[in-house]
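Position 138 (the sequence shown) corresponds to 138 in the numbering used here; numbering is contiguous.
Beta carbons: idealized from backbone N, C-alpha and C, even for Gly.
These figures come from a predicted structure and were not determined experimentally.
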Amino acid sequence: MSFSYVDDVSPGNGALPPRAWYAGSDAAALCLNGNWRFRLSATADAHADSFAEPGHDTSGWSEIAVPGHWVLQGHGAPIYTNHRYPFPVDPPRVPTENPTGDHLCAFDLPGNWPADGGAVLRFDGVESCARVWLNGEDIGDFKGSRLPHEFAVGQLLRPEGNVLAVRVHQWSSGSYLEDQDQWWLPGIFRDVTLLHRPAGCALDFFVHAPYSHGAGLGTLRVDSDTAGRITVPELGIDMATGEAVTVPVEPWTAETPRLYDGELATEGERIPLRIGFRTVAVADGVIKVNGKRILLRGVNRHEFHPETGRTLDARTMRLDLELMKRHNINAVRTSHYPPHPAFLDLCDELGLWVIDECDLETHGFAEQNWRGNPVDDDRWTPALLDRATRMVERDKNHPSVIMWSLGNECGTGRGLTAMAEWIHGRDPDRLVHYEGDHNCRDTDVYSRMYADHAEVEQIGQGLDGGPEKRRGLPFVLCEYGHAMGNGPGGIADYQRLFETYERTQGGFIWEWIDHGLKDERYGYAYGGDFGEELHDGNFVCDGLLFPDRTPSPGLLEYKKVIEPVRIEGDGRAGTVRITNAYDFADLSGIAFEWSYQVDGETIQSGPLDVPKLTAGESADIELPAPPAGAGSAETRWTVRALLAEDIAWGRRGHQVAWGQLPVGERPPERMARGDRPVRGEKLITLGPASFDARTGALRTIGAVHVTGLRLDVWRATTDNDNGAAWEPDLCYGPRWREFGLHRMQHRLDGVELTDDALTVRTRVAPAAREAGLRTVYRWTSDGTRLRLTVSVGLDGEWPLPLPRLGIRLGLPSSAGYVKWSGGGPGEAYPDTRAASMLGRWESSVDDLQTPYVRPQENGARADVRWAEVGGLRVEGDAAFWFTARRWTSEQLDAAEHRTDLVPSKDTVWVNLDHDQQGIGSQSCGPGPLPQYRLRVEPTEFAFTFRALEDA
Numbered sequence: 001m002s003f004s005y006v007d008d009v010s011p012g013n014g015a016l017p018p019r020a021w022y023a024g025s026d027a028a029a030l031c032l033n034g035n036w037r038f039r040l041s042a043t044a045d046a047h048a049d050s051f052a053e054p055g056h057d058t059s060g061w062s063e064i065a066v067p068g069h070w071v072l073q074g075h076g077a078p079i080y081t082n083h084r085y086p087f088p089v090d091p092p093r094v095p096t097e098n099p100t101g102d103h104l105c106a107f108d109l110p111g112n113w114p115a116d117g118g119a120v121l122r123f124d125g126v127e128s129c130a131r132v133w134l135n136g137e138d139i140g141d142f143k144g145s146r147l148p149h150e151f152a153v154g155q156l157l158r159p160e161g162n163v164l165a166v167r168v169h170q171w172s173s174g175s176y177l178e179d180q181d182q183w184w185l186p187g188i189f190r191d192v193t194l195l196h197r198p199a200g201c202a203l204d205f206f207v208h209a210p211y212s213h214g215a216g217l218g219t220l221r222v223d224s225d226t227a228g229r230i231t232v233p234e235l236g237i238d239m240a241t242g243e244a245v246t247v248p249v250e251p252w253t254a255e256t257p258r259l260y261d262g263e264l265a266t267e268g269e270r271i272p273l274r275i276g277f278r279t280v281a282v283a284d285g286v287i288k289v290n291g292k293r294i295l296l297r298g299v300n301r302h303e304f305h306p307e308t309g310r311t312l313d314a315r316t317m318r319l320d321l322e323l324m325k326r327h328n329i330n331a332v333r334t335s336h337y338p339p340h341p342a343f344l345d346l347c348d349e350l351g352l353w354v355i356d357e358c359d360l361e362t363h364g365f366a367e368q369n370w371r372g373n374p375v376d377d378d379r380w381t382p383a384l385l386d387r388a389t390r391m392v393e394r395d396k397n398h399p400s401v402i403m404w405s406l407g408n409e410c411g412t413g414r415g416l417t418a419m420a421e422w423i424h425g426r427d428p429d430r431l432v433h434y435e436g437d438h439n440c441r442d443t444d445v446y447s448r449m450y451a452d453h454a455e456v457e458q459i460g461q462g463l464d465g466g467p468e469k470r471r472g473l474p475f476v477l478c479e480y481g482h483a484m485g486n487g488p489g490g491i492a493d494y495q496r497l498f499e500t501y502e503r504t505q506g507g508f509i510w511e512w513i514d515h516g517l518k519d520e521r522y523g524y525a526y527g528g529d530f531g532e533e534l535h536d537g538n539f540v541c542d543g544l545l546f547p548d549r550t551p552s553p554g555l556l557e558y559k560k561v562i563e564p565v566r567i568e569g570d571g572r573a574g575t576v577r578i579t580n581a582y583d584f585a586d587l588s589g590i591a592f593e594w595s596y597q598v599d600g601e602t603i604q605s606g607p608l609d610v611p612k613l614t615a616g617e618s619a620d621i622e623l624p625a626p627p628a629g630a631g632s633a634e635t636r637w638t639v640r641a642l643l644a645e646d647i648a649w650g651r652r653g654h655q656v657a658w659g660q661l662p663v664g665e666r667p668p669e670r671m672a673r674g675d676r677p678v679r680g681e682k683l684i685t686l687g688p689a690s691f692d693a694r695t696g697a698l699r700t701i702g703a704v705h706v707t708g709l710r711l712d713v714w715r716a717t718t719d720n721d722n723g724a725a726w727e728p729d730l731c732y733g734p735r736w737r738e739f740g741l742h743r744m745q746h747r748l749d750g751v752e753l754t755d756d757a758l759t760v761r762t763r764v765a766p767a768a769r770e771a772g773l774r775t776v777y778r779w780t781s782d783g784t785r786l787r788l789t790v791s792v793g794l795d796g797e798w799p800l801p802l803p804r805l806g807i808r809l810g811l812p813s814s815a816g817y818v819k820w821s822g823g824g825p826g827e828a829y830p831d832t833r834a835a836s837m838l839g840r841w842e843s844s845v846d847d848l849q850t851p852y853v854r855p856q857e858n859g860a861r862a863d864v865r866w867a868e869v870g871g872l873r874v875e876g877d878a879a880f881w882f883t884a885r886r887w888t889s890e891q892l893d894a895a896e897h898r899t900d901l902v903p904s905k906d907t908v909w910v911n912l913d914h915d916q917q918g919i920g921s922q923s924c925g926p927g928p929l930p931q932y933r934l935r936v937e938p939t940e941f942a943f944t945f946r947a948l949e950d951a
């Protein structure tokens, strides 16, 4: 047999024209998912097609789950690359070594399967190329991994003993069009279904349901290839297909996802419809839905599960969307391919704006300066149009879809223009998006990825220049806030720009979930862990969710930054301003509560009566009289916005937004200097503490042993510290290492005793550098408490900010639990602290850790007033950063996977930081803004220690 179809640039042969997807109808259907027989070969031509004949001996074959990927079921191994093709670039040819999976499914028709009519065999997703036989008959081949393909098979079916054979090739000409940043995972990974097609059944149909916001009217017209009738009982509609009717309706939006149940009835089939009335347009230079500007609080979403790859069940898809809604996300870009079609049904139901993206990326051609790029080669245009057509026709009846995206990172070319022209002609009522079209020749929005804050502000002000058409278009960041490891930082600063300039209409965080594959060796595996020749390491782990779908600190930060209710005010005056930041919804579904904290502890709370503000409206609300008896303590109000009732994606009491209003400031810490240091033979004693007589090193505070207290400037570099090779700005992680900040040496210059203090003078510096930090530790005591004042002076030139500045000390391993007053409950850093709520918190040391797939700096708590750990209470003169872990920063820095971290049996290491460097998102994007960089300058900070009575 010929295998030319593998390298052929055509999209395939034998498939039916694409049509609208629907979840079900009254026509019979047979799901063919399940365990199939499977044989893996190293090349495409290793075996003839005789395996497709009924009765073929498969006794030596394996079994595999369909849908699924064979490389995740013990056959071969996954490959991760960001954009480099894992094979030689010679389009459309692919390597001889081409893993090929033969799949066999034997099935009988159900006893009630209709005897009349035809049948269609549907594949919802196969990577990357498939040839199909039914009962020994070759019915066609196809490419387009994340797109549906249907074949007419009615004449081939038998009541019993049917054999469906599918040969799947990992590499094909289609692979050149599918160079998305993700794992290469071959297989039949979406559903396979046999559909009965009765005489007079529905074929394709297009639901048009625009909304007139001025009149409050919706117009419904359903165009259908098969004539029939449309009924919508709630609206009193009963009309023929092709006719139009205008009626009063409630519109569909992502905030108010109003759907009307209807039905398309043809002579042979009844199909349920879920109809949402809405209009999308660019007007006055902005994207408007139903006449109002929208702000996209979005996320990019690959389909991923740590055990099943891109095979997702309905429960997981719904969980993703419920998590998005509970974290205030209102938009999703289906990067970089159409999702499982059921996902869009859920977007319609729960309410999200969707950019539906075509299964197209040719990013690897950038390595060849885009030579040979298929999107600028007319031979490939039919394949590009096939992909665009299959996406649009499948998904055109979803009100949630407001934009079609031509694809991602394909450069530019005639093929993209052809796609845009076809889409505009087929569906003029939606917008066309493509980030690579910087001149907006083919698109309706100006889209960029990872533009820095200054450029976004310039664009918002209309000072970005460019062609005249582009200057009149809305701007969207289709990717920003690269959520790789600890981060992303700076998203609150982006959000301020989106809310300031009408043209800047939000963006989509990259991305939703870490693509770590569950692995008994490492916990979760990433690029290189399967012996790949080329790979891009943990760049595949860049999501707001950990692989097990646990929210990361980045997702909690994003939730706070984009919250749709703003809570501000003057705590001292006892007033709070509530602003409804929704685009459409009023606040009738939100309940408000106040609470009053004294030194971080809530002493009183109650409901707060807030009007049902309409979208964009604000109100100043008077808070109750503050409780008496707070004295000189630090006090504040906390106001929360909560769901008033259970809804589809959240339970009553779910927190939507919150704000804190300070009332009384924290009084300064004062300590009398009563005790004097006493030198013994081996120890110096001062108040409750003892020190080494030679070095001045702290040994004990009360009964608590302390080790290794000294200045610390190093942190285990984050993915965003390390940055990306292509980023034009300075990446600090490599420069810190080059400068030697990870191997600082501590020289003792003197130990001095005076009447009221023990002073230890040191110099902290890296080898091979003249620059250093003159560090003085000054210890005083009032007999019960111990105070440390650290003074840091500079020697030489310091061309870089510091990772951190503070002290590190070791406590006994029994110090396993922490209580603190300050920011929490989760981690925070200077540019990721919006979600850090001031209060009293407690946690085990183990639970303070954030389990990034690649270990790195994590777990700092911000704005800490005091912390209790291991029998000690520590208070800062100023608020400080607190970290505690069972390994050192150096051990954390050396780890490549979670399983590399082995807890110390002896020591808990505590960092008390005066300041930290911000995080940024330079793993793909800008680094920390200047205001979040930790400049090297003379500094003084102080901590007070006290042994707890029960230590």
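Quiz item: Among residues of its own chain, excluding the 5 on either side of Phe365, which ones have a beta-carbon nearer than 6 Å to its beta-carbon?
Solution: Result list for Phe365: Asn373, in chain order.
Practice problem: Look up Ser447 in the DSSP assignment and give the residues it is bridged to. | Solution: DSSP lists Val476 as the bridge partner or partners of Ser447.
Self-check item: Cβ contact check for the region 855–870 and the region 483–496: 3 or more pairs under 8 Å
Solution: In this structure the region 855–870 touches the region 483–496; the number of beta carbon pairs closer than 8 Å is three or more.
Self-check item: Counted within 10 angstroms of its Cβ, other Cβ atoms place His902 as buried (16 or more) or exposed
Solution: Residue 902 is actually Val in this sequence, not His. By the neighbour-count definition (other C-beta atoms within 10 Å, threshold 16), Val902 is an exposed residue.
Practice problem: Kindly indicate which residue of Ser921, Leu642, Pro99 has the alpha-carbon position closest to the one of Arg652. | Solution: Among Ser921, Leu642, Pro99, the Cα nearest to that of Arg652 is on Leu642.
Quiz prompt | Same chain, Cβ closer than 7 Å to Ile402, neighbours up to 5 away in sequence not counted | solution = Taken in chain order, the residues that qualify are Val280, Val289, Trp353, Val354, Arg430, Leu431.
Exercise. Note the first and the last residue of the continuous beta strand (DSSP E) segment covering Cys105.
Key: For Cys105, the enclosing beta strand (DSSP E) starts and ends at 97–107.
Quiz item: Assuming Gly140 contacts Ala44 under a Cβ cut-off of 8 Å, what Cβ separation, rounded to an integer in Å, is found between them?
Solution: With 8 Å as the limit, Gly140 and Ala44 do not qualify as a contact, their Cβ atoms being about 17 Å apart.
Quiz item: Taking the continuous beta strand (DSSP E) assigned at Gln655, which residues delimit it?
Solution: Counted as a single uninterrupted DSSP element, the beta strand (DSSP E) harbouring Gln655 occupies residues 655–664.
Self-check item: Beta-carbon separation (whole angstroms), Gly772 vs Val764, contact threshold 8 Å
Solution: About 6 Å separates the CB atoms of Gly772 and Val764; that is less than 8 Å, so the two are in contact.
Quiz item: Which one or two residues does DSSP pair with Asp913 in a beta bridge?
Solution: In the DSSP output, where bridge partners are listed per residue, Asp913 has Gly806, Trp881.
Quiz item: alpha helix (DSSP H) containing Val7: first to last residue?
Solution: A small correction: the amino acid at residue 7 is Asp; Val does not occupy that position in the sequence shown. Residues 4–7.
Practice problem: Label Ala815 either buried or exposed according to how many other C-beta atoms from any shown protein chain fall within 10 Å of its C-beta, with 16 as the threshold for buried. | Solution: Counting of Cβ neighbours within 10 angstroms places Ala815 among the buried residues, the total reaching 16 or more.
Quiz item: Is the beta carbon of Cys410 sitting closer than 7 Å to the one on Gly436?
Solution: The answer is yes: Cβ separation under 7 Å.
Quiz item: So what does His56 bridge to, in DSSP terms?
Solution: Answer is none; His56 lacks a bridge partner.
Exercise. Can you have a look at His336 and say buried or exposed, based on whether 16 or more other CB atoms are within 10 angstroms of its CB?
Key: Under a 10 Å Cβ-count criterion, His336 is classified as buried, with 16 or more other Cβ atoms of the shown protein chains found around its own Cβ.
Quiz item: Which value, in whole angstroms, describes the spacing of the CA atoms of Arg146 and Trp183?
Solution: Arg146 and Trp183 have their alpha carbons spaced roughly 14 Å apart.
Quiz item: So, helix, strand or coil for Val540, using DSSP?
Solution: In this structure, DSSP gives Val540 a helical state, which the three-state scheme calls helix.
Quiz item: So what's Leu431 in DSSP terms, helix, strand or just coil?
Solution: Here Leu431 sits in strand by DSSP.
Practice problem: Within its chain, find whatever has a CB closer than 8 Å to the CB of Arg885; leave out the 5 residues flanking it on each side and keep chain order. | Solution: Within the same chain, Arg885 has close Cβ partners Val845, Leu848, Gln849, Gly859, Leu892, Val908, Trp909.
Quiz item: Among the residues of its own chain, which have a CB less than 7 Å from the CB of Gln458, if the five just before and after it don't count?
Solution: Asp464.
Quiz item: For Arg651, does the three-state DSSP call read helix, strand or coil?
Solution: Of the three classes helix, strand and coil, the one that applies to Arg651 here is coil, per DSSP.
Quiz item: Can you tell me whether Glu137 is buried or exposed, with buried defined as 16 or more other CB within 10 angstroms of its CB?
Solution: Burial state of Glu137 is exposed, judged by a 10 Å Cβ sphere holding fewer than 16 other Cβ atoms.
Quiz item: Does DSSP put Tyr777 in a helix, in a strand, or in coil?
Solution: Three-state DSSP puts Tyr777 in a strand.
Exercise. Per DSSP, which residues does Ile701 bridge with? Please list them.
Key: Secondary-structure assignment with DSSP links Ile701 through a beta bridge to Ala689, Val704.
Exercise. Can you give me the Cβ contacts of Gly537 inside the same chain, cut-off strictly under 7 Å, excluding the 5 residues immediately before and after it?
Key: For Gly537, where only same-chain residues beyond five positions count, the Cβ hits under 7 Å are Tyr526, Gly527, Gly528.
Quiz item: How far does the beta strand (DSSP E) with His169 in it reach, from first residue to last?
Solution: Residues 162–169.
Practice problem: Mind the definition here: the region 488–499 touches the region 820–840 only if three or more C-beta pairs lie below 8 Å; say whether that holds. | Solution: They touch, by the three-pair rule.
Quiz prompt | C-alpha distance - Asp915 paired with Asp395, whole-angstrom precision | solution = Put simply, the backbone Cα of Asp915 is about 50 Å away from that of Asp395.
Quiz item: Can you list, in chain order, the residues of its chain whose CB lies under 6 Å from that of Met744, leaving out five sequence neighbours each side?
Solution: The residues are Val764, Pro766.
Exercise. Just confirm the distance between the C-beta atoms of Leu758 and Ile684, as a whole number of angstroms; I'd bet it's less than 8 Å.
Key: The pair is a contact, with the Cβ atoms about 6 Å apart (cut-off 8 Å).
Quiz prompt | Exposure of Trp779, with buried meaning 16 or more beta-carbon neighbours within 10 Å | solution = The residue in question, Trp779, is buried, as its Cβ has 16 or more Cβ neighbours within 10 Å.
Quiz item: Between the region 927–945 and the region 505–524, do three or more beta carbon pairs fall short of 8 Å?
Solution: No, because fewer than three Cβ pairs between the region 927–945 and the region 505–524 fall closer than 8 Å, the two stretches do not touch.
Quiz prompt | Minimum length 4: unbroken alpha helix (DSSP H) runs contained in the region 255–282 | solution = Segments of the alpha helix (DSSP H) lying fully in the region 255–282: there are none.
Quiz item: In angstroms, rounded to a whole number, what distance separates the CA positions of Asp620 and Thr614?
Solution: Taking the straight line from one Cα to the other gives about 14 Å.
Self-check item: Given Ala331 as reference, the closest of Thr362, Val299, Pro78 once Cα atoms are compared
Solution: Per the C-alpha coordinates, the member of Thr362, Val299, Pro78 positioned closest to Ala331 is Val299.
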